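Have a look at the structure below, then the notes.
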Amino acid sequence: MGSSPAAVAPVGGARHPYAPTPYRVLSRVSETADTVTITLAPAGGAPIDAHRPGQFNMVYAFGVGEVAVSISDGGRFPAPLVHTVRSVGKVTHALAGVVPGQVLGVRGPYGRPWPTEPAEGRDVLVVGGGLGLAPLRPLLQELLAHRERFGRVEVIYGARSPKDLLYYPEIQSWRQRTDLRMQVTVDAAGRDWYGDVGLVTARLADVRLDMARTVAYLCGPEIMMRTTARDLVDRGIPEEAIWLSLERNMKCAIAQCGHCQFGPVFVCRDGPVFAYRDLRRLLAVREV
Amino acid sequence: MASVGDRRRIDRGSFPALLAALRSEGYRVLGPTLRDAAIVYDEITTEADLPIGWTDRQGPGTYRLERRNDGALFGYTVGPSSWKRQLFPARERLWTARRTGEGFEVAPEPPDERPVAILGARACEIAAIAVTDRVFDGAHRDPGYYARRGRLFVVAVQCGQAGATCFCTSMNTGPGVTGGFDLSLTEILGPGGHRFLAVVGSEAGGRVLDRVPTVPAGDEDGPAAEAIVARTAASMGRSMDTTGIRELLPSRPEHPRWEVVARRCLACTNCTMVCPTCFCSTTEEVPSLDAEQVERWRRWDSCFNSQFSQLHGGSVRQSTQSRYRQWLTHKLSTWHDQFGTSGCVGCGRCITWCPVGIDLTEEVAAIRTPAPTATAPRGTP
Chain A
147 MGSSPAAVAP VGGARHPYAP TPYRVLSRVS ETADTVTITL APAGGAPIDA
197 HRPGQFNMVY AFGVGEVAVS ISDGGRFPAP LVHTVRSVGK VTHALAGVVP
247 GQVLGVRGPY GRPWPTEPAE GRDVLVVGGG LGLAPLRPLL QELLAHRERF
297 GRVEVIYGAR SPKDLLYYPE IQSWRQRTDL RMQVTVDAAG RDWYGDVGLV
347 TARLADVRLD MARTVAYLCG PEIMMRTTAR DLVDRGIPEE AIWLSLERNM
397 KCAIAQCGHC QFGPVFVCRD GPVFAYRDLR RLLAVREV
Chain B
-14 MASVGDRRRI DRGSFPALLA ALRSEGYRVL GPTLRDAAIV YDEITTEADL
36 PIGWTDRQGP GTYRLERRND GALFGYTVGP SSWKRQLFPA RERLWTARRT
86 GEGFEVAPEP PDERPVAILG ARACEIAAIA VTDRVFDGAH RDPGYYARRG
136 RLFVVAVQCG QAGATCFCTS MNTGPGVTGG FDLSLTEILG PGGHRFLAVV
186 GSEAGGRVLD RVPTVPAGDE DGPAAEAIVA RTAASMGRSM DTTGIRELLP
236 SRPEHPRWEV VARRCLACTN CTMVCPTCFC STTEEVPSLD AEQVERWRRW
286 DSCFNSQFSQ LHGGSVRQST QSRYRQWLTH KLSTWHDQFG TSGCVGCGRC
336 ITWCPVGIDL TEEVAAIRTP APTATAPRGT P
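Note that the protein sequences, when read in sequence, are chains A and B. Numbers given in this note's numbering equal positions in the first sequence, counted from 1, plus 146. Counting from 1, position 20 in the second sequence corresponds to residue 5 in this note's numbering; the numbering is continuous, with no gaps.
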């Protein structure tokens, strides 16, 4: 065992599939009352593999445990890893409470990314609900980095209230762009909110895209994705052109613990991004 | 030197020499033994540790030991333990981490190198090992499982009788042992004397058998062993129609039978604990008292636990009905999608050890019968 904080003894020449790699917290930014965005860099050792938009990591707090968190920035190494975490349980509470300099553990990246090839030459619709914007952000960054490859791009983002909007400065900059249309809606707001109020599905009527030639990416609460996908199909987007990212309990992230099963698939390995066409039947059944 | 495929006869009196040979070859021997009024797998040092002259009587929710009227060494079927526990321990340390000045160091658990011989693996159990081999393989092959698997010596024993909850013939896993062993034994009682027909399945098996007094198998030994297996196959206590089962279960998620079985199911997890292929696990973080060191453990979990599908909004599978449906559908259907094989080997443990005697063969038959009323299923788009 070396003295480096990043030392991980190899087993049989390969890294142990459950052993996290130490990463140091560079910054912690409050997004909302219960949600923070943390940036991480390798704590002296080799980084984990490069990630693609839509993938996730298992993030570990020493002495507390680990949890699956989507990667919410598209920057590749040596850019830091960015994770947006809502404090809802023991581990996420610990992750949301980190201070710069603290060392966490990371293993990953895991899962299938958002496929962008199907959207080339087509219009794009991105629909996010609540924390669901986190795994969509690297996708949006990638779309904008190669903006010329895509047709019209529209984003609909819904949150519970104006105070619950993530990445506020970035949303402002997206809304000022002329090559992107972004609608923001909240479930409830006071008189100081000038934007839309209502569900994201209510904003779909106002989308100005060629629906038959549009690829849609959805992430948010399952009921939001289900109703949005149904609505989009009714509006003419083919089922196979709708992609969504599913959330399930995960302990291992390598398709061995059984927790994230959704019918025949392991969400950690076969997802979290799926074509709506492949899940439509299962999504309609309760408690799968 | 006995080579692969060789058939030798071991007389009953020479059986202790087999145990001695395994130990001489460096194996720790695990096998069936009596404990807590059941036959379970544990360390075997002498043949007296084996349940000689005992048998088991099983049924849905019932298991009783009884005396046999002979001195059979393997005159019973499978008990509550399975070899899963050997390859995939109920609790296993994955790694230890120590706090350092600025962070922490992770030390993966070193693999246990000691060779182990399992004595008395039945055909269904060898099939179960082949299933878990697939589960723990893949892009992130489990180092602990495969370290143990690589040093496992398998002494198979063909079943001389079937239990009332056995249905290996329905799952095409037994009762005859066709592979996956280093040595295979068939215990022959009656005319010709108490003896074993041994078949060599590997070079390691040949090395062990060379240390045991044997004679070449006689003309009557092979047919006697075949007759034993045929008789066992003909006396299965249960059967399951597996026709189209892979499509059947996922196509009936709203069948009323799920609700009926859930009225009996206690969600106690017994079926998943005794199942030789159920692989679900969870992880535990165990810090030292001074919080300077932590251990990461993996332990068996069950899809019947309410916390199993927990998300921040609550459990995905709140009802017992949905958990039973998940277990059975996974075991018999979606397991094929995931691992190219059924998850069920027909051992019957889940029937025997269910405290209320739920019988999956009966549940499958009921779900195969279309729902009596043609009301629109809930949740259908």
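Yeah, the Cβ is synthetic: ideal placement off N, Cα and C, and Gly gets one too. All figures in this text were calculated on a predicted structure; none of them were measured in a lab.
Chain-order list of residues whose beta-carbon lies under 8 Å from that of residue 243/A (same chain, five-residue window excluded): Counting from one through the first sequence, the residue named residue 243/A turns up at place 97. Here the set comprises 233.
Separation of residue 311/B from residue 168/A, as counted between CA atoms: For the purposes of this step, residue 168/A is taken as residue 22 along the first sequence, with counting starting at 1. For the purposes of this step, residue 311/B is taken as residue 326 along the second sequence, with counting starting at 1. Between residue 168/A and residue 311/B, the C-alpha separation is close to 36 Å.
Same chain, Cβ closer than 7 Å to residue 346/B, five either side skipped, listed in chain order: Walking along the second sequence from the start, residue 346/B turns up at place 361. 152, 223, 224, 225.
Selection of the stretch 374 to 399 of chain A by Cβ proximity to chain B, strictly under 8 Å: Within the stretch 374 to 399 of chain A, the residues whose Cβ lies closer than 8 Å to some Cβ of chain B are 376, 393, 394, 395, 397, 398, listed in chain order.
Segments assigned alpha helix (DSSP H), at least 4 residues, entirely inside the stretch 62 to 127 of chain B: Within the stretch 62 to 127 of chain B, the complete alpha helix (DSSP H) segments at least 4 residues long are 69 to 72, 108 to 120, listed from N- to C-terminus.
Three-way DSSP call (helix, strand, coil) for residue -12/B in this model: Walking along the second sequence from the start, residue -12/B turns up at place 3. Three-state DSSP puts residue -12/B in coil, outside helix and strand.
Residue 305/A in three-state terms, based on DSSP: The residue labelled residue 305/A in the question sits at position 159 within the first sequence. It is a strand residue.
Exposure label - residue 30/B; buried when at least 16 CB within 10 Å: The residue labelled residue 30/B in the question sits at position 45 within the second sequence. Answer is exposed; the Cβ neighbour count stays below 16.
DSSP-derived helix/strand/coil call for residue 201/A: Position 55 of the first sequence, counted from the start, is the residue given in the question as residue 201/A. In the structure shown, residue 201/A sits in coil (DSSP, three-state: anything other than H, G, I, E or B).
Selection from 256/A, 311/A, 236/A that minimises the alpha carbon distance to residue 333/A: Reading the first sequence from its first residue, position 187 is the one you call residue 333/A. Of the listed residues, the one whose Cα sits closest to residue 333/A is 311/A.
Cβ contact check for the stretch 158 to 176 of chain B and the stretch 138 to 146 of chain B: 3 or more pairs under 8 Å: yes
Nearest candidate by alpha-carbon position, reference residue 300/B, set 393/A, 384/A, 265/A, 213/A: Position 315 of the second sequence, counted from the first residue, corresponds to residue 300/B. Comparing Cα positions, the closest option is 393/A.
Pair within 9 Å by beta-carbon distance, residue 270/A and residue 282/A: Start at 1 with the first residue of the first sequence, and residue 270/A comes out as number 124. Start at 1 with the first residue of the first sequence, and residue 282/A comes out as number 136. Not closer than 9 Å, so no.
Extent of the continuous beta strand (DSSP E) to which residue 268/B belongs: Sequence index remark: in the second sequence, residue 268/B carries index 283 (1-based). Residue 268/B: member of the beta strand (DSSP E) spanning 266 to 272, first to last residue.
Among 210/A, 209/A, 208/A, 254/A, nearest to residue 229/A - alpha-carbon criterion: Indexing the first sequence from 1 puts residue 229/A at position 83. Across the set 210/A, 209/A, 208/A, 254/A, the C-alpha of 254/A shows the shortest separation from the C-alpha of residue 229/A.
Cβ-based neighbour list, residue 429/A, same chain, cut-off 6 Å, excluding 5 preceding and 5 following: Locating residue 429/A in the first sequence gives position 283, counting from the first residue. The answer, listed in chain order, is 372.
C-alpha distance - residue 266/B paired with residue 402/A, whole-angstrom precision: Taking the first residue of the second sequence as position 1, residue 266/B is located at position 281. Taking the first residue of the first sequence as position 1, residue 402/A is located at position 256. Taking the straight line joining both Cα atoms gives about 8 Å.
Where residue 22/B falls, given that 16 or more other Cβ within 10 Å makes a residue buried: Along the second sequence, read from residue 1 onward, the residue named residue 22/B stands at position 37. Label assigned to residue 22/B: exposed.
Per-residue contacts from residue 79/B into chain A (C-beta, under 7 Å): As a first step, residue 79/B must be located in the second sequence, where it is residue number 94. The answer, in chain order, is 164.
Contact set for residue 326/B: own chain, Cβ-Cβ below 7 Å, skip 5 residues either direction: Counted from its first residue, the second sequence places residue 326/B at position 341. Cβ within range, chain order: 116, 119, 320.
Check: residue 432/A C-beta below 8 Å from any heavy atom of the ligand SAH: With respect to small molecules bound, the structure shown includes none, and the ligand SAH cannot be examined in it.
Alpha carbon of residue 240/A to alpha carbon of residue 210/A, nearest angstrom: The sequence position of residue 240/A within the first sequence is 94, counting from 1. The sequence position of residue 210/A within the first sequence is 64, counting from 1. Residue 240/A and residue 210/A: Cα-Cα distance of roughly 7 Å.
Within 9 Å, strictly: CB atoms of residue 259/A and residue 419/A: In the first sequence, residue 259/A corresponds to position 113, counting from 1. In the first sequence, residue 419/A corresponds to position 273, counting from 1. Contact: yes.
Distance CB(residue 181/A)-CB(residue 277/A) smaller than 9 Å: As a first step, residue 181/A must be located in the first sequence, where it is residue number 35. As a first step, residue 277/A must be located in the first sequence, where it is residue number 131. Their beta carbons are under 9 Å apart, which means residue 181/A touches residue 277/A by this criterion.
Whole-angstrom distance between residue 423/A and residue 388/A, CA atom to CA atom: For the purposes of this step, residue 388/A is identified with residue 242 of the first sequence, where counting begins at 1. For the purposes of this step, residue 423/A is identified with residue 277 of the first sequence, where counting begins at 1. Taking the straight line from one Cα to the other gives about 8 Å.
Within chain B, the residues that residue 433/A reaches when beta carbons sit closer than 7 Å: Within the first sequence, the letter at position 287 stands for residue 433/A. Within 7 Å Cβ-Cβ: 301, 302, 303, 304, 307.
Residue 189/A at chain B interface by Cβ criterion, 9 Å: As a working mapping, residue 189/A is identified with position 43 in the first sequence. Answer yes: the Cβ-Cβ gap between residue 189/A and chain B drops below 9 Å somewhere.
DSSP-derived helix/strand/coil call for residue 225/A: Locating residue 225/A in the first sequence gives position 79, where the first residue counts as 1. Annotated three-state conformation of residue 225/A is coil, per DSSP.
Beta carbon proximity, residue 405/A to chain B, threshold 9 Å: In the first sequence, the residue the question calls residue 405/A occupies position 259. It does; some Cβ of chain B falls within 9 Å.
Any beta strand (DSSP E) of 3 or more consecutive residues that is wholly inside the stretch 311 to 359 of chain A: 327 to 332
Assumed close pair residue 265/A, residue 296/A - CB separation to whole angstroms, cut-off 8 Å: In the first sequence, the residue the question calls residue 265/A occupies position 119. In the first sequence, the residue the question calls residue 296/A occupies position 150. About 6 Å; that satisfies the 8 Å criterion.
Endpoints, alpha helix (DSSP H) assigned at residue 244/A: Working through the first sequence from its first residue, we reach residue 244/A at position 98. No alpha helix (DSSP H) contains residue 244/A, which DSSP labels as neither H nor E.
Interface partners of residue 333/B on chain E, CB under 7 Å: Judged by its chain identifiers, the structure shown contains no chain E, and its protein chains are A and B.
Residues of the stretch 264 to 278 of chain B whose Cβ lies closer than 7 Å to any Cβ of chain A, in chain order: 264, 265, 266, 267, 268, 270, 272, 276
Residue 393/A - DSSP class collapsed to helix/strand/coil: One-based indexing of the first sequence puts residue 393/A at position 247. Coil, per DSSP.
Member of 257/B, 307/B, 41/B whose CA lies at the smallest distance from the CA of residue 70/B: Position 85 of the second sequence, counted from the start, is the residue given in the question as residue 70/B. Across the set 257/B, 307/B, 41/B, the C-alpha of 257/B shows the shortest separation from the C-alpha of residue 70/B.
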